[in-house]
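In the working numbering, the protein residues as written are 1 to 445.
Even glycine gets a Cβ: it sits at the ideal position worked out from N, Cα and C.
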Ligand SMILES: Cc1cc2nc3c(=O)[nH]c(=O)nc-3n(C[C@H](O)[C@H](O)[C@H](O)COP(=O)(O)OP(=O)(O)OC[C@H]3O[C@@H](n4cnc5c(N)ncnc54)[C@H](O)[C@@H]3O)c2cc1C
């Protein structure tokens, strides 16, 4: 008898490792691997396993065909690998080996490899977060030693392809079909899921835009995998090679790092402007793979009757270069005019805290922060905003922050490059007058 592990059930919790007094079982790539040379069939690990992934089994050495995971295999992850029955071949001396069986390097096999970025293209517009994610995806792919690929689903997308290469994709998958002309959840989710099923990427990323927030959960559901929304940091665990997906949790009071251990692909969305923009290299090219879209208009119930663009002012808050943001410190809606005048003088976009939005002074799409928009302007002027963590996560990567607050202990002052402590009703009109004067005279600074 010896211990066998059902890899489809093992969740890598480590309970068996803790329980084994002989140190005869260990976690390798997040999966329990018994060492038959140390194991004495005590069965303690089998009893403690919360998912019944372990059992005492008879070895069938003759059928074993273990294959050592080579460094070139990078992060390739085989979900459906059952442990070969001949566990006696797992270790040689002190050297522990990770077994891979039925590994197929071609599409359609069980190998999940590659970092994909879904490039959002709709109504002739590419969401710039797609390029930010190609920059971030590059780092992840380099850590894993795998390919970085872009995915474009839409209609008449030819112009987008060279851009995807220019921003760093090595390979681009394209599904171009009239059904994908206007964004709808069902066809887009179907197009992406079909590609994922065929090519099996290990990680897929998309912007936490309206489209990303809508289509990614549908894709995750189709793939029966996990999805971490609104990540602010992504990384690769050097040991397990799992995607570390970090995002604010519990109302923004802690940063939680979330792992998707047992399902593939690992899926995450990231808000616009959280990651930096990568360098664009004109003329860079790579491999282009065009895929058919098998479904027709009749297969989908939702029809687009009309496209009404969002209010231009608020729609581009995440791209604004100068933002004047107000908080509850302005005390009443009538005082908004102070911020509006300052914004007009600077050619800035008006935004605010959730406090200001809930007071009815601004619309929700003008809200900066965790439950609003993430911004990264060159200049962010915060007027009467305290700087709660939920606000800071949406603006603290701004290039230059000016905060006006009458409380010297206000948290916003800790992230500000310039903090002006005083009454906003005196300071803001004075600033507006001074900016107007200087800009009229063509003084740049
Ligand atoms: C799950 C969750 C999500 C959230 N998401 C967001 C989000 O996306 N964005 C967001 O902003 N908040 C968010 N919040 C709310 C957040 O916690 C704060 O409540 C909110 O940011 C406070 O808004 P405020 O800074 O405008 O108001 P306050 O905290 O009341 O601050 C007002 C500030 O104005 C200053 N002030 C008052 N009078 C003057 C004056 N005359 N001159 C100068 N300064 C003055 C005060 O000193 C104070 O610092 C969220 C909360 C939760 C629980």
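| Item | Value |
| --- | --- |
| Bridge partners - residue 388, DSSP secondary structure assignment | In the DSSP output, where bridge partners are listed per residue, residue 388 has none listed. |
| Residue 410, DSSP secondary structure in three states | coil |
| Residue 476 and residue 287 closer than 7 Å at C-beta | This structure cannot settle anything about residue 476, because the visible part of the chain is limited to 1 through 445. |
| Supposed close pair residue 214, residue 185 - CB separation, criterion 8 Å | 6 Å |
| For residue 304, the nearest candidate out of 187, 232, 167, 204 (CA to CA) | 187 |
| Whole-number beta carbon distance between residue 134 and residue 168, since they are thought to touch under 8 Å | 5 Å |
| Rounded separation between residue 294 and residue 54 - CA only | 41 Å |
| Residue 211 in three-state terms, based on DSSP | helix |
| Spatial neighbours of residue 451 in its chain, beta-carbon cut-off 6 Å, leaving aside the 5 residues before and after | Coverage of the chain is limited to positions 1 through 445, which leaves residue 451 absent and any answer about it impossible. |
| Any residue whose CB is nearer than 5 Å to a heavy atom belonging to ligand 1, listed in chain order | 251, 327, 328, 329, 353, 354, 355, 369, 370, 371, 372, 384, 385, 386, 388, 390, 391, 405, 406, 407, 410, 423, 424 |
| Beta-carbon proximity check, residue 275 vs residue 434, cutoff 7 Å | no |
| Proximity of residue 410 and residue 394 at Cβ, strictly below 7 Å | no |
| Own chain partners of residue 449 with C-beta closer than 7 Å, once the 5 adjacent residues on each side are dropped | This structure gives no information on residue 449, because the portion of the chain shown stretches from 1 to 445. |
| Own chain residues within Cβ distance below 6 Å of residue 327, not counting five before or after | 353, 355, 356, 384, 385 |
| Burial state of residue 296 (16 or more Cβ within 10 Å) | exposed |
| Alpha carbon of residue 205 to alpha carbon of residue 418, nearest angstrom | 35 Å |
| Outcome for residue 364 when other beta-carbon atoms lying within 10 angstroms are tallied against a minimum of 16 | exposed |
| Residue 26 - DSSP class collapsed to helix/strand/coil | strand |
| Boundaries (first-last residue) of the beta strand (DSSP E) holding residue 249 | 243-249 |
| As assigned by DSSP and simplified to three states, the class of residue 293 | coil |
| Contact between the segment 145-155 and the segment 217-232 (3+ Cβ pairs under 8 Å) | no |
| Simplified DSSP state of residue 21, which is helix, strand or coil | coil |
| Closest residue to residue 291 among 398, 422, 143, 176 (Cα-Cα distance) | 176 |
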